[in-house]
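Enquirer: Residue numbers (my numbering): 13 to 515.
Sharing a structure with you now.
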């Protein structure tokens, strides 16, 4: 005989001494939350009896609940200013204690519920590392018996593609032109914009007058100051005023990111250049690669060693020649030829290379190149000569040089980016061979929170042996025990403050 919450149930004992009983659903539903004591008793044919008991925790009526506090101003957006500060995600629960889990765009932290309230911190680096676009803020909690509650709020991240506005210069101002402005033609100002939606507004202030221009589909905008707005000026005084005038340009995107600039009316301004996408193919027997997008950000003069270059659609040389060097290489401009062969090398000197394509190839030249890596599924990265940098341009990128072999060569500096979410792994072999000049050390830098994993493998342990200052930054010097103390060829310089671990 069993007693379950005041309900009596009976069961027959089998020959092997076991028994079981089905507890009706209605009986279970009638149980009260809290501790349940279940009693059992048995009497044999001779009339002898015995009993036992066990307990369980019941939680079927008061289920866990969650509420989420205001997120980043409550407008559904995360903008650059909001991502620039550490933030606590807060809320409440009907549970007095326990653990709550909060996830934003794949970044997850836990916090403790205290008297029904909870708060979970996220760092600025984590928020800045979120990609622009739609994501979710999800919160979950479980009570002691396993009941769960999950809530999720949508969040639009807009922290990278910030609004930009430029002004077309007002040229050819003469007394005649100004006379026309005052005579009824008015004054039209125009410009361009980026990362502002069609229909957005650009605020333009000139000579104390503020007007709003509507952004068109191509990013352009115009405003017109009527002659009446400028009627307090004479022709000569207006000409002088316009020649020295400063225009204030303002704009705000949907997330609240603002733009504010002061531009000379007759000088104007331009939008920053966007990366130029350059596509080419290198066809080996069974391999196809995509040349990375290139945008020139360094004008240093360099010398290329003699190589055979594939023809491309470029209309200017990819690298300039250093006339002081003893060797001169001439790059010919040519039209597209998509049948480059396996030994083709794209030599790019003194530039930034955006590597975005899967199985893509980025090969630097003789300049100090930066290869900006947006995907780790690349085919080959070769920095060439010069002091070359591999930049992890995304978030949560984990570059393991020990698994890549010769897919990364001639890189002197590894920049883990500013997100604080990226990492690099290397061992002594990579420290000795991945760089361009064997006598130089590998340099690793990055934002706070970035991780450097120095692997021991069959080599000795790594130890910090001192510090060095390079370009105003302090670096910790790590030396491998398998190398003599005087042999620094395998040393690794890690920016002070990065997290270093050994495995």
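C-beta atoms are modelled at their ideal positions from N, C-alpha and C, and glycine is treated no differently.
Which residue wins for smallest C-alpha separation from residue 391, given the options 110, 403, 511 and 372?
Expert: 372
Enquirer: Ordered along the chain, which non-local residues of its own chain (more than five positions away) have a Cβ less than 7 Å from that of residue 198?
Expert: 236, 237, 238 and 239
Enquirer: Give the secondary structure of residue 262 by DSSP, where H, G and I count as helix, E and B as strand, and everything else as coil.
Expert: strand
Enquirer: Could you tell me how far apart the beta carbons of residue 96 and residue 131 are, in whole angstroms, since I believe they sit closer than 8 Å?
Expert: 20 Å between Cβ atoms; not a contact.
Enquirer: Quick one: measure Cβ to Cβ for residue 169 and residue 143, integer angstroms, because I've assumed they're closer than 8 Å.
Expert: 7 Å
Enquirer: Do you know how far the Cα of residue 147 is from the Cα of residue 507?
Expert: Inter-residue distance for residue 507 and residue 147 is about 32 Å (C-alpha atoms, whole angstroms).
Enquirer: Which residue marks the beginning of the beta strand (DSSP E) containing residue 274, and which one marks its end?
Expert: 270-276
Enquirer: Candidates 463, 133 and 77: which alpha carbon is nearest residue 109's?
Expert: When only C-alpha atoms are compared, the closest one is 77.
Enquirer: What residues are listed by DSSP as bridge partners for residue 180?
Expert: None, per the DSSP bridge assignment.
Enquirer: So, is residue 175 buried or exposed, given that buried needs 16 or more other C-beta atoms within 10 angstroms?
Expert: buried
Enquirer: Extract the residue ranges of the alpha helix (DSSP H) inside the segment 185-236, only unbroken runs of 4 or more that lie entirely within it.
Expert: 187-192
Enquirer: Less than 8 Å between the CB atoms is what I'm expecting for residue 16 and residue 50, so what's the real figure, rounded?
Expert: 5 Å
Enquirer: Let's test the definition: count the other Cβ atoms within 10 Å of the Cβ of residue 419 and tell me whether it reaches 16, buried, or not, exposed.
Expert: It is exposed - the Cβ of residue 419 has fewer than 16 other Cβ atoms within 10 Å.
Enquirer: Quick test of the definition: if touching needs 3 or more C-beta pairs under 8 Å, does the segment 465-485 touch the segment 426-433?
Expert: no
Enquirer: Report, in whole angstroms, the separation of the C-beta atoms of residue 151 and residue 119, which I expect to be a contact under 8 Å.
Expert: Going by Cβ atoms, the distance from residue 151 to residue 119 rounds to 13 Å, so no, they are not a contact pair.
Enquirer: Decide if residue 491 is buried, meaning its Cβ has at least 16 other Cβ atoms within 10 Å, or exposed.
Expert: Under a 10 Å Cβ-count criterion, residue 491 is classified as buried, with 16 or more other Cβ atoms of the shown protein chains found around its own Cβ.
Enquirer: Please classify residue 254: does DSSP put it in a helix, a strand, or coil?
Expert: helix
Enquirer: Can you look up residue 174 in the DSSP assignment and give me helix, strand or coil?
Expert: coil
Enquirer: Please state the DSSP three-state secondary structure of residue 37.
Expert: helix
Enquirer: Should residue 469 be labelled buried (16 or more other beta-carbon atoms within 10 Å of its own) or exposed?
Expert: exposed
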